[in-house]
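Numbering (this note's numbering), first residue to last: 640 to 1152.
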């Protein structure tokens, strides 16, 4: 029986001088996959990411995923169990290895290159269009593929989802819809953003077709499969008061990346993340052609899905990278339409080899491959990867300075989850006690024991802490660390003693998102 992932072909034949897959029955002919150039680009992406994965240090969220992986559960306040599970598996297989932790996204980024080229192939793209699409994805994925994150996993899973959708439109093979249900189930173990994707897809299909998609039983069987797999996470959320909704609101209100500023900068940042020069041009041109081109009429719903998701995330205050999973379909559409229609003279230069090279160089500057003193975009991202061991050293020094009789009933707490995750990662080797935080998902990892009478608290201010402790005094200052570098301020370390109420009563009051 023919696999759903194979072409419906009987023998090679030529279209415009290139080998394509001969149609069987009503299937349109498409070109063969440009295996060697596409696989070479994919291997190059994997190699670059592998060689740079060990530079700088852990990203703040990577530290959190490692901590969450040691508190495995069916759900978390801020994401599903997939990435914490990956982090724990890699840390078990490669103990203490930063490269090992990032290995899954390194491999998946290379897979995404191939999947994007396959979308171009489904659109009718020949060798050049496939290679152009693969190159655009390669440059657009370098930043996200450098760290283990839910956003990177979503981008790759959504890319494969759109490939299967495009393939279904061409073949009408309903087994693809069941495969889409399986991929959706995987995506739901990461983030729930795929629900918004399918909601907008449904609206777009009703508006511009193919409405037949919504009448296919396999689509709803796949949806049932995804729901069934997600039931444990749904039960966890219901049991804990649906904390993901609260975290989503906190993200929307975030002073740095959310709120009104995020709504104003959403589109510029999203386009920039698609890849300066080549990536931006292909995304914009591809979206326009999806919405306007007669040849792209069967796939127009994907263009409106992109527009709808941008509008939804702007209105709700979502992060700009939430739409990155739809870049691939726009890159592919743009490359294929450039194959069919010669670009106007005034912007033809954008597709020249010098622009390709410049785009690649700009993409590489997003990675830690140049001296730290250079003013590159990677420098801002690196601020969230620097200073974690030094911060832990400072807190460990404050702990060791305590009288031995006080150390046994002293715990460490932090205002922010990333500081707690860093101390959990680097603290045991420095003789640190267990660390706690009431921030976001870390709150669910547990409260201090009631016999803990002394707390080393990283962050916050004495007025806030005095509400909960009888004595508060500063004992140290973190002067090297990501947050200090980013906001140009030191982080105080407070010695707090005498909890005013037992921890079992205090812990719910300390929770914050």
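Where is the CB? At the ideal position from N, CA and C, for every residue including glycine.
So residue i and residue j are supposed to be a Cβ contact under 8 Å. How far apart are they, rounded?
i            : j            : result
residue 999  : residue 772  : Between residue 772 and residue 999 the Cβ distance is about 15 Å, and since that is not below 8 Å, they are no contact.
residue 958  : residue 702  : Actually they are not in contact, since the Cβ atoms of residue 958 and residue 702 sit about 19 Å apart, beyond 8 Å.
residue 726  : residue 1080 : Contact flag wrong, Cβ pair sits at about 13 Å.
residue 815  : residue 807  : 4 Å
residue 584  : residue 758  : Given that the chain is displayed from residue 640 to residue 1152, the structure contains no residue 584 and the question cannot be resolved.
residue 976  : residue 932  : 6 Å
residue 921  : residue 945  : Between residue 945 and residue 921 the Cβ distance is about 13 Å, and since that is not below 8 Å, they are no contact.
residue 1066 : residue 1031 : 6 Å
residue 947  : residue 842  : 7 Å
residue 749  : residue 693  : With 8 Å as the limit, residue 749 and residue 693 do not qualify as a contact, their Cβ atoms being about 18 Å apart.
Excluding the 5 residues flanking residue i on each side, which residues of the same chain have their C-beta closer than 7 Å to its C-beta?
i            : result
residue 869  : 824 and 827
residue 621  : Given that the chain is displayed from residue 640 to residue 1152, the structure contains no residue 621 and the question cannot be resolved.
residue 742  : 729
residue 1050 : 1072, 1073, 1075, 1087, 1091 and 1094
residue 700  : 788
residue 1151 : 1077 and 1078
On the criterion of 16 or more Cβ atoms from any shown chain inside 10 Å, does residue i qualify as buried, or is it exposed?
i            : result
residue 863  : exposed
residue 1045 : exposed
residue 954  : exposed
residue 740  : buried
residue 690  : exposed
residue 711  : exposed
residue 878  : exposed
residue 1054 : buried
residue 760  : buried
residue 1025 : buried
residue 851  : exposed
residue 1115 : buried
residue 675  : exposed
residue 835  : buried
residue 764  : buried
residue 1089 : exposed
residue 894  : Because the pLDDT at residue 894 is just 49, under 50, the model does not fix this residue reliably, and the point stays unresolved.
residue 1110 : exposed
residue 906  : exposed
residue 698  : buried
residue 1007 : buried
residue 732  : exposed
residue 992  : exposed
Only counting the same chain, and skipping five residues up and downstream in sequence, which positions put a Cβ closer than 8 Å to that of residue i?
i            : result
residue 919  : 910, 911 and 913
residue 916  : 989, 994, 997, 998 and 1001
residue 796  : 822, 825, 826, 829, 833 and 964
residue 951  : 835, 839 and 957
residue 1069 : 1031, 1032 and 1035
Please return the same chain residues whose Cβ sits closer than 6 Å to the Cβ of residue i, not counting the five positions on each side in sequence.
i            : result
residue 1059 : 1053, 1074, 1076 and 1081
residue 937  : 808
residue 662  : Model confidence at residue 662 stands at a pLDDT of 41, short of 50, so the residue's coordinates are unreliable; what they give is reported in the following sentence. Counting only Cβ-Cβ distances below 6 Å, and skipping sequence neighbours, we find 668.
residue 754  : 798, 799 and 802
residue 857  : 813, 816 and 817
residue 1085 : none
residue 889  : 1152
Can you confirm whether residue i, when its beta carbon is compared against all beta carbons of chain D, has any partner nearer than 7 Å?
i            : result
residue 1096 : The structure shown contains no chain D; it holds only a single protein chain.
query = Could you give the uninterrupted runs of the alpha helix (DSSP H) lying entirely in the segment 938 to 972, keeping only those of 4 residues or more?
reply = 939 to 955
request  = Please go through the segment 703 to 769 and give each complete alpha helix (DSSP H) segment of 4 or more residues, from N-terminal end onward.
outcome  = 721 to 732 and 737 to 761
key: Three CB pairs or more closer than 8 Å across the segment 1035 to 1044 and the segment 672 to 690   = no
message = Which complete beta strand (DSSP E) runs does the segment 1016 to 1054 hold, if anything under 3 residues is left out?
response = 1049 to 1053
query = Which residue spans inside the segment 878 to 931 form an unbroken alpha helix (DSSP H) run of at least 4?
reply = 882 to 892, 898 to 912 and 917 to 931
request  = Report yes or no: do three or more beta-carbon pairs, one from the segment 874 to 888 and one from the segment 838 to 856, lie closer than 8 Å?
outcome  = no
query = What are the complete beta strand (DSSP E) segments, minimum 3 residues, inside the segment 1074 to 1103?
reply = 1074 to 1076 and 1093 to 1097
query = In chain order, which continuous runs of the alpha helix (DSSP H) of length 4 or greater are located wholly inside the segment 822 to 878?
reply = 832 to 847 and 856 to 878
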